[in-house]
Amino acid sequence: MTEAVTEPESETVVEEPEPAPPAGPSLHQPKRWLIAAGEVVAIVLLTWAAVWCWNRGIVKLAYPVDGREPLISTRYHGNWLGTAAGAATLAVILALDAVRQVVLALRTRPQKAAEADV
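Oh and the sequence shown: position 109 is 108 in numbering that gives the first Met the number 0, straight run, nothing missing.
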C-alpha cells in the first residue's frame, strides 16, 4: 500500500481582526424634523393640486329645453382626474414618510445615552 503524503505542519499566524469601521450616521438626527416639515408643506400643496385638478376634471353641462327642466349631463376629463389621483397618491406616500421621519427624530436616542441607562 502507498502511504499518504502529508505536508509538515507549519506555524499558523493568527491575525487579529481589523477594527470595525466607524458606524455610519445614526438614526437619531435632528435634521429629520426639517425633512418632515418640508414633506408636510409638499403634502399640503399636493392636496390642493389634487382638489383643483379634480374640480377641473368634472364639467356639468346644461341644455335648456322649452317648457321643461334643462337636461344636465356630466363630462369627465380623464387627464385631469388622473393627475388628481396621482397627486393624491404622492401626498399619501409623503405623509407616510413624514410620520417615519418624525418617529425616527423622536424615539431613537444616541448610543451613549442608551448605554448610560443600562
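Each residue gets a CB set at the ideal place from its N, CA and C atoms; glycine is no exception. The model shown is predicted, which means the values in this text are computed figures rather than measured ones.
Taking Cβ to Cβ, would you say residue 35 is nearer than 8 Å to residue 101?
Closer than 8 Å, so yes.
Closest to residue 52 by CA distance: which of 93, 106, 86, 42 is it?
Nearest of 93, 106, 86, 42 to residue 52, Cα basis: 86.
Just list the residues that DSSP pairs residue 60 with in beta bridges.
Answer is 72.
Skipping 5 residues on each side, what residues in its chain have a beta carbon closer than 8 Å to that of residue 45?
Within the same chain, residue 45 has close Cβ partners 86, 87, 89, 90, 93.
Figure out for me which residue from 81, 83, 67, 76 has the closest Cα to the Cα of residue 59.
For residue 59, the nearest C-alpha among the options comes from 76.
Under the assumption that residue 42 contacts residue 97 (Cβ atoms under 8 Å), give the Cβ distance between them as a whole number of angstroms.
Their Cβ separation, rounded to whole angstroms, is 7 Å, which keeps residue 42 and residue 97 in contact under 8 Å.
DSSP state of residue 106 mapped onto helix, strand, coil
Of the three classes helix, strand and coil, the one that applies to residue 106 here is helix, per DSSP.
Residue 63 versus residue 57 - alpha carbon distance
Roughly 20 Å between the two C-alpha positions.
Sequence-distant residues of its chain with Cβ nearer than 6 Å to residue 48 (five each side left out)
Once the five neighbours on either side are set aside, the close Cβ partners of residue 48 are 86.
Is residue 67 helix, strand or coil when you go by DSSP?
Secondary structure of residue 67 (DSSP, three-state): coil.
DSSP state of residue 28, grouped into three classes?
Shown here, residue 28 sits in coil according to DSSP, grouped into three states, outside any helix or strand.
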